[in-house]
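Those letters in the sequence shown? Residues 724 to 1230, by the working numbering. Ideal Cβ positions, reconstructed from N, Cα and C, are used throughout, including at glycine.
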Amino acid sequence: MASAARVDDFLDFVGSSPTPFHAVQSAIKRLESSGFKPIQERESWSTTLQPGGKYYLTRNGSSIVAFAIGKKWKSGNPIAMIGAHTDSPTLRLKPVSKKTNSGFLQIGVETYGGGIWHTWFDRDLSIAGRVMVRDKEGNFVQTLVKVERPIVRIPTLAIHLDRSSEFNPNKETELFPIAGLVAAELNRTGVKPSDEKKAEDEAGEDSHASPLRAMTERHHPYIMEIIAEHAGVAVQDVIDFELVLYDTQPPCRGGLNNELIYSARLDNLEMTYCAVLGLIESLSDPAALDDESSIRLIACFDHEEIGSTTAQGAASNLLPAVLRRLSVLPAHESGSEVSYEKVRRESDADISTAYEQTLASSFLISADMAHSVNPNYAQKYESDHRPEMNKGTVIKINANARYATSSPGIVLLQEMARKAKSATKENGEGGVPLQLFVVRNDSSCGSTIGPMLSAALGTRTLDLGNAQLSMHSVRECGGAEDVEHAVRLFESFFENFSGLEGKILVD
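In structure tokens form, the structure reads like this:
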């Protein structure tokens, strides 16, 4: 895929993914078009997985693991891994979101992650997320909704009414989006607020009422109608939801020469996209897995922005459980249509230590966006480590292990970058560039899933990411060329890992 087409595809990916649930579906769309098949954690894989097979699984619909099995794989062999995350700071609707004040309809929201919340003011916002609905058979199923039109907005106070030099809104009292006017809703429905209150009180007296207040009591009825319409069900069949706000302005190219990307959620959907496409591109040759002795794997987790300590976060058992099941897959001597259950033999290597052997020889790239130097605040960056956009993916280093990068990892990544197809030269020669980043000694340092996974698995790990500005703003800025840089780097990582892994001799 040419670089321009790559950027267009990424813009489609991020624009279609206002929530982690949507991001996983966007990844699945691309994986399935490249031959990946779904599997489930709750099932046995022994009769499903095949040498040369490509598979993916999800957890909670918001985290995804995808992998391809080399035909020369045997138990205990290494696994080449890239980890990223699907979530971004946002505002989530509260369980009871219905509010009115001074003639306005308002929505109660809860902050998720460490967003730059003042950037959410005066933006054209809408809602998206997961809705649990009752189907015709009485089952409760998940459906995703994304309301395209702007329906809410968080207004700033006019400067004439507050001339303070700083804008530091109270997140509990001044972050309520407005969804319209009470009078307009009254004209639409003909129902006065007092009549609504009476109906709610009568519903509360019903002995057969739900243990919780009805959804139409907890949320504005018109919002419930919009949600039900997009979910394709009646309002009464909307049982619960996890909905967030998102900026309806679509992602686009920017800059005088279209060299920039302006978009929400670059952190971290750009790295999620590059991981997915890097894996797919590494398998574009039909014979890519014929001589492959490792497994190529990506894991994109939810909840990184809030600490990862959930069932679908990077600190969960999701990746260790998958690795344990893969590590004991036996070698095979027959065609790719033979399942592992049929080729398991007593002569296979002792699988009692296969998991530990796999972890010791594997490598994990923790892919999370990095900071580009901001020309208006250049003094905030260490003078010799100021990453620039479109100059290559950034290796992140921290002496206090806020990042998991070490010298052996840098050596490995340099070789991968050197062997990568060029993102700019037509003949593909020349590799891709890399950059280095450390924070100033007098500055705080963020962290990633890298250190926690490195500690949990004991696997060699390196932290990296593409450079961006305005991290955690409602609208961020990145380099257009860096999307292709990262895809090519990850493609090379998967293609060359088996040949290089054993040449970096550190125990």
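Original post:
So is residue 1210 buried or exposed if we call it buried at 16+ other beta carbons inside 10 Å?
Top reply: buried
Subject >> Rounded C-alpha distance that separates residue 1253 from residue 785 >> reply: Not covered by the structure: residue 1253. The range shown for the chain is 724 to 1230.
Original post:
Going by beta carbon distance, what residues of the same chain come within less than 7 Å of residue 1069, once the five residues before and after it are set aside?
Top reply: Its pLDDT being 42, under 50, residue 1069 is placed unreliably by the model, and the measurement read from it follows with that caveat. Taken in chain order, the list of residues that qualify is empty.
**OP:** Using the DSSP secondary-structure output, state which residues sit across from residue 855 in a beta bridge.
**Re:** The partner list for residue 855 (beta bridge, DSSP) reads 865, 963.
**OP:** Could you please give me the residues that DSSP links to residue 1043 through a beta bridge?
**Re:** Residue 1043 is not bridged to any residue.
Subject >> Through-space distance from residue 961 to residue 929, alpha-carbon basis >> reply: Because the pLDDT of residue 929 is 49, which lies under 50, any placement of that residue in the model is unreliable, and the number read from its coordinates should be weighed accordingly. Distance between the alpha carbons of residue 929 and residue 961 is about 20 Å.
**OP:** Answer yes if the stretch 1018-1038 comes into contact with the stretch 798-808, meaning at least three C-beta pairs across the two stretches below 8 Å, and no otherwise.
**Re:** yes
Original post:
From residue 740 to residue 1222, what does the alpha carbon distance come to, in whole angstroms?
Top reply: 36 Å
Subject >> Chain-order list of residues whose beta-carbon lies under 6 Å from that of residue 754 (same chain, five-residue window excluded) >> reply: Excluding positions up to five away in sequence, the list reads 779, 789.
Original post:
Are three or more beta carbon pairs between the stretch 845-852 and the stretch 965-974 nearer than 8 Å?
Top reply: Yes, they touch.
Original post:
Any idea if residue 1101 is buried or exposed, counting beta-carbon neighbours within 10 angstroms, 16 or more meaning buried?
Top reply: exposed
Subject >> CA-to-CA distance, residue 956 to residue 909, given in whole angstroms >> reply: So the alpha carbons of these two residues sit roughly 24 Å apart.
Subject >> Through-space distance from residue 1183 to residue 1227, alpha-carbon basis >> reply: If I take the Cα positions, the gap works out to 11 Å.
Original post:
So, residue 1082 versus residue 1181, is the Cβ gap smaller than 8 Å?
Top reply: yes
Original post:
So residue 875 and residue 902 are in contact, right, with Cβ under 8 Å, and what is the actual spacing, rounded?
Top reply: 5 Å
Subject >> Inter-residue spacing [alpha-carbon to alpha-carbon] between residue 889 and residue 1123 >> reply: Between residue 889 and residue 1123, the alpha-carbon positions lie close to 33 Å from each other.
**OP:** Decide if residue 763 is buried, meaning its Cβ has at least 16 other Cβ atoms within 10 Å, or exposed.
**Re:** exposed
**OP:** Using only alpha-carbon positions, find the residue among 1130, 1075, 1116 that is nearest to residue 799.
**Re:** Measuring from the Cα of residue 799, the nearest candidate turns out to be 1075.
Original post:
Are there 16 or more other CB atoms within 10 angstroms of the CB of residue 761, so buried, or fewer, so exposed?
Top reply: exposed
Subject >> Distance, residue 1116 Cα to residue 1171 Cα >> reply: 16 Å
Original post:
When the Cα atoms are used, what is the spatial distance from residue 897 to residue 752?
Top reply: Taking C-alpha positions only, residue 897 is separated from residue 752 by approximately 39 Å.
Original post:
Which residues bound the beta strand (DSSP E) around residue 1157?
Top reply: 1157-1160
**OP:** For the stretch 1152-1164 and the stretch 1089-1109, state whether three or more C-beta atom pairs, one from each stretch, are separated by less than 8 Å.
**Re:** yes
Subject >> Within 8 Å, strictly: CB atoms of residue 1192 and residue 1155 >> reply: no
Subject >> Cβ neighbours of residue 826 in the same chain (closer than 7 Å, five flanking residues each side left out) >> reply: Once the five neighbours on either side are set aside, the close Cβ partners of residue 826 are 904, 905, 906.
Original post:
What separation, rounded to the nearest whole angstrom, lies between the Cα atoms of residue 1197 and residue 873?
Top reply: 15 Å
Subject >> Between the CA atoms of residue 743 and residue 1077 - distance to the nearest angstrom >> reply: Inter-residue distance for residue 1077 and residue 743 is about 33 Å (C-alpha atoms, whole angstroms).
Subject >> residue 930 - DSSP class collapsed to helix/strand/coil >> reply: The pLDDT assigned to residue 930 is 38, lower than 50, so where the model puts this residue is not dependable, and the model offers no usable value.
**OP:** For residue 1132, collect the residues of the same chain with a Cβ closer than 8 Å to its Cβ; drop the 5 residues on either side in sequence, then sort them by chain order.
**Re:** 1086, 1183, 1184, 1185
Original post:
Measuring CA to CA, which of 1179, 943, 998, 757 is closest to residue 1042?
Top reply: Comparing alpha carbon positions, the residue from 1179, 943, 998, 757 closest to residue 1042 is 1179.
**OP:** Return the chain-ordered list of same chain residues with a C-beta closer than 7 Å to the C-beta of residue 729, the five sequence neighbours on each side being excluded.
**Re:** 1206, 1207, 1210
Original post:
By Cβ distance, which residues of its chain are closer than 6 Å to residue 765, with the 5 residues on each side in sequence left out?
Top reply: So the list is empty, once near-sequence residues are dropped.
Subject >> Euclidean distance between Cα positions of residue 1187 and residue 1135 >> reply: 13 Å
Original post:
Which full runs of the beta strand (DSSP E) of 3+ residues lie inside the stretch 974-1032, going along the chain?
Top reply: 975-977, 983-986, 1018-1024
Original post:
Would DSSP call residue 1149 helix, strand or coil?
Top reply: coil
Subject >> Same chain, Cβ closer than 7 Å to residue 1096, five either side skipped, listed in chain order >> reply: 1104, 1109, 1110, 1111
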